[in-house]
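Asks:
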Amino acid sequence: MRLFLEVRTIIKRSAFFLFILIYILTWNNIYAADNNFDWHTLQELSQQRLAENPEDILANFQLSISMANLGQIEEAYNHFNKISDQISREEFNKVMKPHLKLLETNQNNLLLLNYAAFSASINKDYLESISYFQQILKLDQQNIWIRNYLAATYIELEDYEQAVKVLQETIKIKDNKYSHLLLGIINYKRGDILKAIVELVRSGDLINKFLIRE
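Quick note on the working numbering: the sequence shown kicks off at 4 and runs consecutively.
1) Starting from the Cα of Q46, find the closest Cα among K85, A120, N72, F83 and give me that residue.
2) Consult DSSP for Q75 and reduce its assignment to one of helix, strand or coil.
3) State the CB to CB distance for the pair I133 and I149, rounded to an integer number of angstroms; the pair is presumed to be in contact (CB under 8 Å).
4) When the Cα atoms are used, what is the spatial distance from R16 to Q65?
5) Would you decide whether E77 is buried or exposed? Buried here means 16 or more other CB atoms lie within 10 Å of its CB.
6) Please classify S91 as buried or exposed, where buried requires at least 16 neighbouring CB atoms within 10 angstroms.
7) Residues in its own chain within less than 6 Å of L186 by CB, not counting five upstream and five downstream?
8) Tell me whether the beta-carbon of L115 lies closer than 9 Å to the beta-carbon of D143.
9) Please determine, among D162, K212, E159, the residue with the shortest C-alpha to C-alpha distance to K180.
10) How is the alpha helix (DSSP H) around I133 delimited, first residue to last?
11) What number of angstroms, rounded off, separates the C-alpha of E107 from the C-alpha of K127?
What follows is the structure, given as structure tokens:
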């Protein structure tokens with residue numbers, strides 16, 4: 004009888020540890036997948052949904068986010084503007100509320116964090132947006148596009164020192180036109196016209212797409 008009890012105890016303990024192991028491995032896999040989110044697939048799925056219903060708010064938002072993370076700057080810029088200009092803030096927030104609620108139990112989910120960061124930007128809650136962009140970068144440190152959006156958000160708050168710091172770090176990871184465009188904007192706002200010109204020249208065709216047309 005005692006032997007039976009000992010065996011049963013061992014089985015229970017083994018089952019418990021097996022459960023813990025499966026739980027850990029499962030969540031590790033989820034986080035690993037999140038850290039390598041397939042933005043191309045999200046873009047394709049969003050485009051398919053929009054082909055059926057161009058007014059789909061979530062699909063429009065997902066498309067904007069996917070383009071932002073893929074470095075499709077002009078396209079993302081235009082789509083975010085479409086959301087801001089053509090969709091009421093109340094309607095947008097109503098659609099996004101249940102998705103943002105999921106962050107309470109999925110705090111390391113890259114897609115949900117992107118929802119939160121860009122939703123906050125659309126609502127002009129830039130401090131909250133910065134907080135979420137920083138959380139994204141803890142999971143996706145090499146994402147230069149999110150780094151640029153973080154810097155752009157600092158510019159909205161006129162915190163040019165932090166913006167420059169982020170952009171300099173971004174260029175060290177990978178030189179890119181968008182970082183130079185933002186540095187050009189910062190230098191112009193600071194009144195350093197010569198440095199602004201140098202950085203805007205380095206931004207290449209982006210100066211035509213974002214500044215001259217304004």
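Here a beta-carbon is modelled for each residue, glycine too, at the ideal position from N, C-alpha and C. Owing to the predicted nature of the structure, the values given are computational and were not obtained by experimental measurement.
Replies: In short:
1) N72
2) coil
3) Not quite, the Cβ-Cβ distance comes to about 11 Å (not below 8 Å), so this is no contact.
4) The pLDDT assigned to R16 is 42, lower than 50, so where the model puts this residue is not dependable; a value taken from the coordinates is nonetheless given after this. Roughly 44 Å separates the two Cα atoms.
5) exposed
6) exposed
7) L170, E202
8) no
9) The option with the nearest alpha carbon to K180 is K212.
10) 129-142
11) 22 Å
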